[in-house]
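Chemist: First residue of the sequence shown? That's 7 in the numbering used here, and the numbers climb one at a time after it.
Sharing a structure below in structure tokens format, with a few things to ask.
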Amino acid sequence: MKIAVINFSGNVGKSTVAHHLLAPRLEGAQVIPVESINSDDSEKGSAMRGKEFGELQDKLMTLRHAVVDIGASNVEDFVSLMRDYQGSHEDFDAFVVPTVPALKQQVDTISTLRALTGEIGVPANRIRVVFNTVTPKDDVSKIFSKIFDYYAENRNFVLNRDAVMYENPIYEKIKAFDRSIIDIRNDPTDYVAMNAEAMESGEPEEHLAQIRQLVAIKRLATRVTTELDAVFKLVVH
7 MKIAVINFSG
17 NVGKSTVAHH
27 LLAPRLEGAQ
37 VIPVESINSD
47 DSEKGSAMRG
57 KEFGELQDKL
67 MTLRHAVVDI
77 GASNVEDFVS
87 LMRDYQGSHE
97 DFDAFVVPTV
107 PALKQQVDTI
117 STLRALTGEI
127 GVPANRIRVV
137 FNTVTPKDDV
147 SKIFSKIFDY
157 YAENRNFVLN
167 RDAVMYENPI
177 YEKIKAFDRS
187 IIDIRNDPTD
197 YVAMNAEAME
207 SGEPEEHLAQ
217 IRQLVAIKRL
227 ATRVTTELDA
237 VFKLVVH
């Protein structure tokens with residue numbers, strides 16, 4: 007399966023969706039970043055610029071599973087090139103569009119949905135929205151009212167109010183480690199015991215702080231993994 011993670015807006019969690027929701031649940035999936043300006047200063051893999059679209063098409067043909075993480079600074083080029091290469095949207099089984107409650111991001115999300123369907127011709131059943139940074143007390147239909155209103159008028163994408171990623175400190179903590187949430191959840195290492203041993207042996211505070219972060223991440227990972235499993239089933243079907 008080939009999935010594009012896309013939104014005209016930055017700060018909606020595209021990389022989080024790519025690295026923690028999608029790729030770990032697609033066996034052997036490679037995350038391909040398409041980004042020339044990385045807003046979160048992370049460097050995961052060698053970034054591919056949007057204008058290298060032809061190379062991207064070639065690469066996708068060599069992979070069984072791939073997640074293409076399209077950075078906000080490259081989305082316009084990506085959409086334009088997809089128009090030029092007519093039918094290239096068929097390389098993707100799904101277009102996942104993460105969004106957050108902020109008004110600007112919702113407006114940009116609607117622009118993204120319009121571009122995918124109106125400019126490129128992506129079928130509605132291949133476009134799926136993921137609601138990000140939601141709290142358990144939120145009414146999804148209210149905090150994302152712009153998206154729900156747009157859907158009611160157009161129905162040109164798949165909307166599922168349960169496709170929700172909740173706010174959780176794990177997403178910030180895990181940025182310091184080049185690992186997925188599932189990977190840490192499945193890690194048999196006893197980090198509490200490791201911390202005790204490191205303290206006993208006089209390890210530097212920097213090392214101890216890393217171990218403590220891993221203790222926290224592993225404790226958070228079980229519940230978050232279950233939540234993401236459910237979202238994945240809704241988004242990838």
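Ideal Cβ placement from N, Cα and C applies to all residues, glycine included.
Any idea if Lys224 is buried or exposed, counting beta-carbon neighbours within 10 angstroms, 16 or more meaning buried?
Modeler: When all chains shown are included, Lys224 counts as buried.
Chemist: Beta-carbon within less than 6 Å of Asn160's beta-carbon, same chain only, minus the 5 sequence neighbours each way: which residues are those?
Modeler: Within the same chain, Asn160 has no close Cβ partners at all.
Chemist: Bridge partners for Asp75 per DSSP, in chain order?
Modeler: The partner list for Asp75 (beta bridge, DSSP) reads Val11 and Pro39.
Chemist: With a Cβ-Cβ cutoff of 9 Å, do Ile133 and Val103 count as a contact?
Modeler: The answer is yes: Cβ separation under 9 Å.
Chemist: How would you write the range of the alpha helix (DSSP H) that Arg218 sits in, first residue to last?
Modeler: Run containing Arg218: Glu211 to Val241, per the alpha helix (DSSP H) assignment.
Chemist: Alpha helix (DSSP H) containing Leu157: first to last residue?
Modeler: Per the sequence shown, residue 157 should be read as Tyr rather than Leu. First-last of the alpha helix (DSSP H) with Tyr157: Ser151 to Asn160.
Chemist: Select from Tyr197, Pro107 and Leu220 the residue whose C-alpha is nearest the C-alpha of Ile176.
Modeler: Considering only alpha carbons, the answer is Leu220.
Chemist: Please determine, among His25, Lys8 and Asn13, the residue with the shortest C-alpha to C-alpha distance to Ser186.
Modeler: Of the candidates His25, Lys8 and Asn13, the one whose C-alpha sits nearest the C-alpha of Ser186 is His25.
Chemist: Only counting the same chain, and skipping five residues up and downstream in sequence, which positions put a Cβ closer than 7 Å to that of Asn166?
Modeler: The answer, listed in chain order, is Leu240.
Chemist: For Phe84, report the span of its alpha helix (DSSP H) as first-last.
Modeler: Val81 to Asp90 is the extent of the alpha helix (DSSP H) around Phe84.
Chemist: Hey, Ile217 and Ala204 are a contact pair by Cβ (cut 8 Å); roughly how many whole angstroms apart?
Modeler: Yes, they are in contact, since the Cβ atoms of Ile217 and Ala204 sit about 6 Å apart, within 8 Å.
Chemist: Using 10 angstroms around the beta-carbon of Glu33, count the other beta-carbons present and answer buried if the total reaches 16, otherwise exposed.
Modeler: Exposed, since its Cβ has fewer than 16 Cβ neighbours within 10 Å.
Chemist: Taking the alpha helix (DSSP H) that Asn201 belongs to, which residues open and close that run?
Modeler: Asn201 -> alpha helix (DSSP H) spans Tyr197 to Glu206.
Chemist: Taking the C-alpha atoms as reference points, what is the distance between Gln111 and Thr141?
Modeler: Cα to Cα, the separation comes out at about 17 Å.
Chemist: Return the residue from the list Ile76, Leu234, Glu58 and Ile38 that minimises the CA-CA distance to Leu69.
Modeler: The shortest C-alpha separation from Leu69 is found at Ile38.
Chemist: Given that a residue counts as buried once 16 or more other Cβ atoms are within 10 Å of its Cβ, and exposed if not, what is Tyr91?
Modeler: Exposed, because fewer than 16 other Cβ atoms sit within 10 Å of the Cβ of Tyr91.
Chemist: With C-beta atoms as the reference, is Val230 less than 9 Å away from Asn174?
Modeler: Closer than 9 Å, so yes.
Chemist: To the nearest whole angstrom, what separates the beta carbons of Phe163 and Val135, a pair I think is in contact under 8 Å?
Modeler: About 6 Å; that satisfies the 8 Å criterion.
Chemist: In whole angstroms, what separates the C-alpha of Phe154 from that of Gly124?
Modeler: Using only the alpha carbons, I get a separation of about 18 Å.
Chemist: With Val135 as the anchor, note down where its beta strand (DSSP E) starts and where it stops.
Modeler: Here the beta strand (DSSP E) through Val135 covers Ile133 to Val140.
Chemist: Could you please give me the residues that DSSP links to Pro104 through a beta bridge?
Modeler: Beta-bridge pairing links Pro104 to Val136.
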